[in-house]
Every structure is written in structure tokens, then in C-alpha cells.
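Under my numbering, the first residue of the sequence shown is numbered 2, with each subsequent residue one higher. Here a beta-carbon is modelled for each residue, glycine too, at the ideal position from N, C-alpha and C. Here's the structure, in C-alpha cells; my notes come after.
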Amino acid sequence: SRTYEINYLRRHPFELGTMYVAGTVVAFVIDDAHADLVRRAECAIAGLRYADDGMRRQVACHLPAWPFAGAFRTDAAHVIVMRKRPDLLLLRDVLEHFGGRLDPRHVAWVVSSLLNLCCYFQYAGITHNALSPDTCFISPPQHGVAVLGGWWYAAQTGERMVAAPAGTIAWAAHDLMVTGRADLRTDLELVRATGRELLGDITGARLARESAAPRAMIEWLRLPASADPIEEYRTWRTRVLHDSFGARRFVELPLTQSDIDR
């Protein structure tokens, strides 16, 4: 018997319902048929743990805050409202704003941020299983990524997955999809797939031919992922990025929500 109003800026249907992106929140309206996945998301996010306050300060800003800003049911759906900083932009919107291809220097920091989160997932003993431009938000001024969507598919490492979006089934290692067990390789493969998609070709087949990025970067994005996120992150930061761009330097991405909505 109550009415809730969200003045949203962007609306995106997804496989379980609809996502509404506002300035300081993002709302997910999920069909009642997927109530079990909503509960899985709540348990996964409520159970996120940190070794100490230092880890919490470093990582928590890249993950959904618990408790949620709001959570309630309608006659036909579950609604979850998550807090979102105004500088966070849905990566899908950013990619579309730039015509389906980002500068490889910006792809580099997106991949770096996602690999860093995968290292945290290993510590926390979880897998996200749905990393993509549709679940990730980026902060252009901070060069950071926040994973706010897709938590319906999260699982404890080694646990049997109960569902996965089409993109995960397409790009995760075949043997993992056969066993259906939650494995960090899935997230690491999805980081690579996201990198390729941001460069303009999620398959990776055209990237070298179109010179979409430096050769070292393209080759790494097309390689199969290992099972070790720390080693993946180390290789990416010390070898791939150095061979691709040389010394590290901050490249500004002047983009706001107003630019996207223009």
C-alpha cells in the first residue's frame, strides 16, 4: 500500500528484470520468479568479509554496501536499491557513448581494477560469475570500478552454481560450465572478455587486424586465464602494461553522467 518513486536517468532491461540507474542509487526490479536468486545476492553481499579495516577501506567502495539503501516487494517483483556515488557510470553506457570502442589506455585501468577485485574474491572465497559492462560501473576521475550488478549469480568457491547469464556461459572455460562449480577462472575469463569487448570485439578475432590496442595487450586478452588471480594481476601490471604503454601515467577520461544523457 505504499508508493516508491525513483527519478532514474537510464533504464536497462536484463535477464532477470530491469535496472534503473539514478544519480546516487541503482535499483534492480527482479521478477518474482527469481526470488531464490535475490536471496543468494543478499547472502553473498551481507557475507562479504575483510581481513582488517585497511582492506575494507580499499575494497568496500568497489562493492555493494550492506545493508541496501532499500529492499521491498511489489505484487510481481523484488526491488533492491543500492547506493551509488554520482561519479559512477554504467560501463555499458560508457561503451555506447564512445561508439562501442574505448581507448586502450582506459581499458587498461578497467582491467586492472577488475583483476584487483578478483584477488579480493579469492581472499573472500567467492566468485561473482557475471562480470561484464552490464554489471560494472566505472569512476572516470578515480580510475576505479564498482561491481554493483550481477550478484544474483555469486557463489562460494567450489559450490555448485545454480544459474549463470548467457555471457558467462559463452566466455567461461568450457570445463567449468560442464561441472557447474564456482571457480575463480570464470571471473578471470570474464575480465578478459570485458577487456576485449571494450576494445570493440569480444571474440578478439579482429583486434590485432584493426590495431585496436598494443600487441602485448591484445595477446594477453586472448589467452586463456589461469586459476591464480594474484599472478594474473602481477603479470598484467608488471609485464603486459609495461610492454604496451611503457611507464605508468594517468590519462584523464573527462566524462560525466550528463555527457552520457546529452
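When DSSP builds the beta bridges, which residues end up paired with S140?
G145
Straight-line CA distance for R50 to G150?
19 Å
Grouping DSSP H, G and I as helix and E and B as strand, with all else coil, what is R84?
strand
Taking just the CA atoms, how far does V26 sit from I70?
In the sequence under discussion, the amino acid at residue 70 is Ala, which differs from the Ile named in the question. In a straight line, the C-alpha of A70 is about 8 Å away from that of V26.
State the Cα-Cα distance for the pair R109 and R3, rounded to the nearest angstrom.
Reading the sequence as shown, one finds Ala at residue 109 and not Arg. C-alpha separation (whole angstroms): 45 Å.
Curious, which full-length alpha helix (DSSP H) runs of at least 4 residues does the region 227 to 254 contain?
230 to 236 and 242 to 246
Where do the ends of the alpha helix (DSSP H) carrying V192 lie?
L185 to L199
Less than 7 Å between C-beta atoms, sequence neighbours within five positions excluded: which residues of the same chain meet that for A78?
Excluding sequence neighbours, A78 sits near G18, V30, I31, D32 and D33.
To test your reading of the DSSP string, which unbroken alpha helix (DSSP H) runs of 4 or more residues are found completely within the region 77 to 135?
92 to 98 and 105 to 125
Rounded to a whole number of angstroms, what is the C-alpha to C-alpha distance between A206 and M218?
The straight-line gap from Cα to Cα measures roughly 14 Å.
Among G159, I231, E220 and V60, the one whose alpha carbon lies nearest that of N130:
Looking at the Cα atoms, G159 is the closest of the given residues.
Going along the chain, which residues of its own chain have a beta-carbon closer than 8 Å to the beta-carbon of Q258, five neighbours each way excluded?
The residues are L10, G24, P87 and L90.
Anticipated Cβ contact below 8 Å, G181 with R161, distance rounded:
5 Å
Delimiting residues of the beta strand (DSSP E) encompassing I7:
No beta strand (DSSP E) holds I7; DSSP gives it neither H nor E.
With three or more beta-carbon pairs closer than 8 Å as the criterion, would you say the region 109 to 129 touches the region 51 to 66?
yes
Spatial neighbours of I7 within its chain, please: CB distance less than 8 Å, with the 5 preceding and 5 following residues excluded, ordered by chain position.
Y21, A23, V26, A28 and V82, listed in sequence order.
Backbone CA spacing between L194 and L224 [nearest angstrom]
The sequence given here has Ala at residue 194, not Leu. Going from the Cα of A194 to the Cα of L224 covers about 10 Å.
Can you round the beta-carbon distance between L177 and T187 to whole angstroms, since I take them to be within the 8 Å contact cut?
6 Å
May I have the straight-line CA-CA distance separating V80 from P141, to the nearest angstrom?
28 Å
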